[in-house]
Structure formats: structure tokens, C-alpha cells
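Residue 630 is where the sequence shown ends in UniProt numbering, and the numbering goes up by one at each step.
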Amino acid sequence: MSHAIGIVISVVFYLISMAVIAQETVNVKQFNLVAEQVKELKKTDLVLSLKQLTTFESLLSALTVEQNLVYFKLLAEIQIEQNRYSAAKKTANEGLSIGKRLASPSILMSELLYLRGFAFESLGNIPRATKEYKKGLEVAESLHNKIQVALGLINLGAIAYLTDNYKRSLILLNDAYNIAGQTDDEELKGTANTELGILYSLLRQSDQSMAYYQQSYIHFKKAGLLLSAHNSLHNIAITHIREKRYEQAITVFKTIIAESNKDTSSDSMFTVYSGMAWAHLKKTDSNIDAAHQYLLMAKQYLEFTEKVDYRLQFYFDEASVLYKLERYDEVLISIARIEKILVNHQDMPRRKRKGYVNIINLKAKVFYKQEKFKQAYETKSRVIALTDKLYENEDNRSIAKVRLKLEAEQADKQNEILNNQKSRYEASFNEAKLENEEQRIYLVISALLALAFAWVLVKLIQSQHKLKVALNVDKLTETANRRSLMVKSQQAFELAQTKQSHLSLMMIDIDHFKSINDSLGHSIGDEVLAKVAFIGANMMRKNDVFGRFSGGEFMVCLPKTNMKSAMETAECIRASIDEHTWQLNNLEKVSVSIGVATLTDDRELISLVTRAEEQLYQAKASGKNKVCGQ
1 MSHAIGIVIS VVFYLISMAV IAQETVNVKQ FNLVAEQVKE LKKTDLVLSL KQLTTFESLL
61 SALTVEQNLV YFKLLAEIQI EQNRYSAAKK TANEGLSIGK RLASPSILMS ELLYLRGFAF
121 ESLGNIPRAT KEYKKGLEVA ESLHNKIQVA LGLINLGAIA YLTDNYKRSL ILLNDAYNIA
181 GQTDDEELKG TANTELGILY SLLRQSDQSM AYYQQSYIHF KKAGLLLSAH NSLHNIAITH
241 IREKRYEQAI TVFKTIIAES NKDTSSDSMF TVYSGMAWAH LKKTDSNIDA AHQYLLMAKQ
301 YLEFTEKVDY RLQFYFDEAS VLYKLERYDE VLISIARIEK ILVNHQDMPR RKRKGYVNII
361 NLKAKVFYKQ EKFKQAYETK SRVIALTDKL YENEDNRSIA KVRLKLEAEQ ADKQNEILNN
421 QKSRYEASFN EAKLENEEQR IYLVISALLA LAFAWVLVKL IQSQHKLKVA LNVDKLTETA
481 NRRSLMVKSQ QAFELAQTKQ SHLSLMMIDI DHFKSINDSL GHSIGDEVLA KVAFIGANMM
541 RKNDVFGRFS GGEFMVCLPK TNMKSAMETA ECIRASIDEH TWQLNNLEKV SVSIGVATLT
601 DDRELISLVT RAEEQLYQAK ASGKNKVCGQ
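Here you go:
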């Protein structure tokens, strides 16, 4: 009897186990279908998409390696959308570990590497992020996957502008933009436009930046990506703020708030409320109380972010608002928090170092308001020193707007002024220990007058520098003007003759420039001029001289450059302009013709210029959009 019961129990357990196996088989077969559903669902409902995906967590051992990679990729994407970067890094690590079992590379490995790289980037580890992005791009290129190659270029382009390498960023992002244009992937197009918008914003090209942001918004909306579309709107609002269009920025921020939902990340809400605070603070009829209220709303989301940059932004905004509210002790607390985060400010990219200078300047203002004049003086002196350091390597050919830099002799004058003032201050403050009240008041007033005098002198020196820049820079193209161009080229010419080294000259002329002006208007013509100058100047080396020679013509002086190298550079410029996508009304294509000449037995610079122009005419006569050299 007991034997029979044992048989029955065995049969029951067998049937149950078979049912479980059958259920698991069904679930495994269903995974691919659910994965596709999750891809779509995470565009609109991150919580539900995560819930559906994690139902397979207990079945991972039953899935194929490829299915495991899909699972971890989707999970990391959702975690990143939720701003859980540490969790996303861990998830990507798990996926990549499993991927090692594959016999051959999978494009999923490339995607996981990008996700891990983005997690590192968001957590502030730029070198590691760069390494991950490069690995991912190598996999994508080996598999000839256009979309993933474009994403890799976008990732590395973003790293380039984050580390102040704007020229490399421009090249990488334009390559990605062109690849994206050859696909039907609206999300990829949106991402490429977004990153170009950010780059042009950093270069202070607001109109171009805004155009890219608007395009990214359209692409993300077409792709059904509400959160990404909101990110584009946020970028548009920030551009409005930079251009001091505060009311427009507030309107855009309100749109984002109205359309936000449960999936809107804490990072997104933080940036929106932070932006609202700044707009209310800076608008003409500044509303300090409203700015402070929005800042407090932003603070609610600060504890959920892992981004160091957001914490810096908050403390800077907080310090600015508290300063307006005259709560000076609290301002100094906020500044102390910033300084603690930015202990190694010298290692930061230029953009962050500039922000650091601004916050130290605010600190000087606080000390002044608190009548701590010695500390105000010392802090202001530190601001001047940091500013000098900030601009010491700045190049007037920068792809950003021509920025001020303090030249050596001006820095010497400043140092002399400030050292003299410092000596007087130290003597004055030592004497201020005297008990006589009238003497103390007199010394304080003297200190104030001395500080004001020193500051006026510094401003005078800076004004002189602005005038010098204006005399040497073409206002429209922000490159060297003809006067500066000829002076610098003459110096290079004489040096080449003395040292018997190579020197080449390039004359660049925009094809059909007159017809562009006549048919589309001079405003479009000016934009074309500025863009051609922008593209050309960014291909120059440190010692090359690029400038506007006249009308639609530019001249380039290339020291230590033979004919072969000069022709290669000219061809790169010609091709870049020819391949550029022109987002201007009724203008699809712009080209240039280039003439090149190399120093031989020329006795004067004008002789070399004339020969280069002769080659330019030859290029024009040969059908334009060509390079000719002699």
C-alpha cells in the first residue's frame, strides 16, 4: 500500500515539474515579445516597463546569452532614464560579463558599453567614460552598424566639448549628424541635434544652437519620446536665459511642468525649477521671493541626484539668491560648499573654472557688504589672479567669440597696483588697532577709496585691452581683420626668410557670394561669411593666421608649411564647407574656391599674396569649388 502511495506521489511531482518546465519554456519564448513591448513602453511609462521586464529576473539562467544582453541593456536604459547612474553602471557590468561568453561580437555589447560610459560620465568620471565610449565605437565599427557608430561619435563629441576640445567635438558631432541623416531613426537624429545645440551654445552661437534644439524637439516628438522632447525644451529655455529673454524661458519651463508626469526624472524637475529660479532672479522686474521659492522646490529633488554638476549649480544659484536677499552669512556657507566640491579647481575644464571665478567674485562682494574690507581686497585680488590664469592660454582665433585676455604687460601693471595697495592695507589695518575712534573711521574710509581706485585702474586696463581687440578683429567673422592679418603675415614672412623655412599662403573666396547677397539678402550673406570663417578658423594650428581679407574673401598664412601640406589643408577646408548642411532659408549649398602659393624667391609679402590670388582666379576659372596651387 505504502509502495503504491509512493508511486502516486512521484507521478504527481513529475507532472508538477513538467508543468513548471513547460511554463518556463513558454515564458522564455515570450521574452522576445515582452522585450519589444518594453522598448515601446519605456517611452511613456518607466515604472510599468520596469515591472514587466523584471518578471524575467528569475528566469535569466534559462534565457540565451543574447536574451540576457537584451535584458540588461533595457534595464540599464530604464535606470539611466530614472537617473540611477550607479545602478545602471552595475547593470551594464553584469551584462558585459555575460557577453564574454559570446563566440563573436554582438551590437548589444556596443550598446552596453555606451550605457556604462554614460553612467561614468554622469557620475563625473570623464576619463573612464571616454574609455568605455571608445570600446563601444570599436565594436560598432567592426560590425558596420551605422546607428551605433553615430551614437559612439555623439558620445565622444560630448566628451570633447566637456573637456574644452571644441574643434574635435565639432568634427565628431557633424560626422554623427551626417550619418543620422542617412537613417530613419528619429531618436538618433534628435540626439545628434541636441549635442550640436549644446556645442554651439558653448561657442556662444545662440541662433545656431536654438535651431538645433528646435529640430531635436521635432525629432523626439516624432519618436514619441516625451522625456527627451522635454530635455530639448529645457535647452531652449536655457538659451532664452543666456540671451536674457527671461519671460520666454519662464513660459517654456511652465510648459515642461504642465506636461510632466510620474516618469519625469528628479534630475529633470531639478533643472526646471532651478531654471525658473534663475529666470525670476535675472528678469527686468526681478522677483527675488519667487526665485527663492522655486529654488526651494528645486532643492527637494537635489537629494535624489547623483550628478555633482547639479549640486554645484544649486549652491551657486542659492548663493546668488541669498545675496539678493542680503543674507550674507548664508551666502558664505553656500560658497564654502562649492569650494569644498571644487578643491582641485585647476584641473577643471575652462567652463567650470570660469564659474569658479564668478563664485569667488561673489565672495568678495559679500565681504565688501559686510565691511570686511581687508578680506574683500584679498579676495578681489584672487579673482584678478584667477582671471589672468583663466585667459593666459586663450587664443584670439578661438571658435568661441573673441574673449578678453590680460596681456603680460597689463598683468604686470595690475600686480604692481595690487601689491602697492596690499602694502598700504596691511599698514592701515595694523594702525586700525588704535583705540581712537576717529582714526579708525579715517583708515576705513582710506581703505575704501584705495580699493575703489585700484578697481578703477584694473577696469581701465581691461577697457584698453577691449579697444586693442576691436582694432585687430573683424567684428562679423570674429577672425583677424585685414590690418591684423597683414601685420601677422608680414612677421611670419620675415621670419621664414630669416630662417629659410617654409611658408605658404591661401586665398579663399566664397563662390557666388554676390548672388547670395542679392537674392537672399545681406543678413543671410553675413551668416554665410561667419560660418565659412568658423569652419576655416577651426582647422588652423596655433601659429597659423586666418582672417578676412575683403568682402567674401579670406586669407590664411601657414608658417612652416610646404606646398603639399598647404594643399591638403586647403582641400580639407573646401570639402568641409562643401559638405556642411546649411540651415538657412532657400540656401542648400555653399562652396569656396582656394588659391595656394608657397614662398620661393619672393622678396615681399605682396608678391606671395599676388601669386596666391592668381591661383584663386585659376580655381574660379576651372569651375569653382576647387583648389589650385603653385
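For glycine and all other residues, C-beta sits at the position ideal for the given N, C-alpha and C.
Pull the bridge partners of residue i from the DSSP assignment, please.
i	result
residue 507	555, 595
residue 628	595
residue 480	473, 547
residue 587	584
Cutting at 8 Å between CB atoms, please list the residues of its own chain near residue i, excluding the five before and the five after it.
i	result
residue 65	98, 99, 101, 102
residue 340	none
residue 81	42, 46, 227, 263, 265
residue 243	206
residue 587	516, 520, 524, 528
residue 395	With a pLDDT of only 42 at residue 395, under 50, the local geometry of the prediction cannot be trusted, and no value is derived from it.
residue 61	none
Would you say residue i and residue j are within 8 Å of each other, going by their C-beta atoms?
i	j	result
residue 220	residue 237	no
residue 137	residue 157	no
residue 624	residue 544	no
residue 196	residue 150	no
residue 631	residue 338	A query on residue 631 cannot be resolved here, the shown segment of the chain reaching from 1 to 630 and no further.
residue 278	residue 250	no
residue 360	residue 327	no
residue 69	residue 33	no
residue 128	residue 93	no
residue 558	residue 506	yes
residue 133	residue 159	yes
residue 589	residue 502	no
residue 63	residue 31	yes
residue 294	residue 269	no
residue 364	residue 352	no
residue 622	residue 562	no
residue 576	residue 535	yes
residue 274	residue 298	yes
residue 540	residue 572	no
Give every residue of the same chain whose Cβ lies closer than 6 Å to the Cβ of residue i, excluding the five residues on either side of it in the sequence, and list them in chain order.
i	result
residue 634	Nothing in the structure corresponds to residue 634, since the chain is present only between 1 and 630.
residue 283	246
residue 213	197, 232, 235, 236
residue 484	472
residue 533	477, 479
residue 314	302
residue 322	330, 331
residue 370	328
residue 376	364, 367, 368
residue 35	70
Below 7 Å CB to CB, which residues in the same chain sit around residue i once its five sequence neighbours on both sides are set aside?
i	result
residue 90	none
residue 216	190, 193, 194, 197, 232
residue 626	593, 619
residue 615	595, 596, 597, 628, 629, 630
residue 209	197, 200, 201, 239
residue 85	119, 122, 123, 306
residue 147	183, 185, 188
residue 87	79
residue 611	597, 630
residue 126	159, 162, 163
Cβ contact check for the segment 323 to 333 and the segment 108 to 120: 3 or more pairs under 8 Å = no
The segment 488 to 495 / the segment 513 to 522 touching (three or more Cβ pairs under 8 Å) = no
Are the segment 140 to 147 and the segment 158 to 165 in contact at 8 Å, needing three or more beta carbon pairs?
-> no
Considering only residues of the segment 295 to 372, which uninterrupted alpha helix (DSSP H) runs meet the minimum length of 4 residues and lie entirely inside it, listed in chain order?
-> 308 to 324, 328 to 341, 350 to 369
Just checking, does the segment 177 to 184 make contact with the segment 198 to 207 on the three C-beta pairs under 8 Å criterion?
-> no
Are the segment 598 to 605 and the segment 523 to 540 touching by the rule of at least three beta carbon pairs closer than 8 Å?
-> no
Where are the alpha helix (DSSP H) runs, 4 residues long or more, that stay fully inside the segment 243 to 285, in chain order?
-> 246 to 259, 266 to 282
Could I get the ranges of all uninterrupted alpha helix (DSSP H) runs contained in the segment 60 to 106, with 4 residues as the minimum, in chain order?
-> 65 to 81, 85 to 99
At least three beta-carbon pairs within less than 8 Å, the segment 564 to 576 to the segment 476 to 490 = no
Can you check the segment 114 to 200 for any alpha helix (DSSP H) of at least 4 residues that lies completely inside it and give the ranges in chain order?
-> 126 to 142, 146 to 162, 166 to 181
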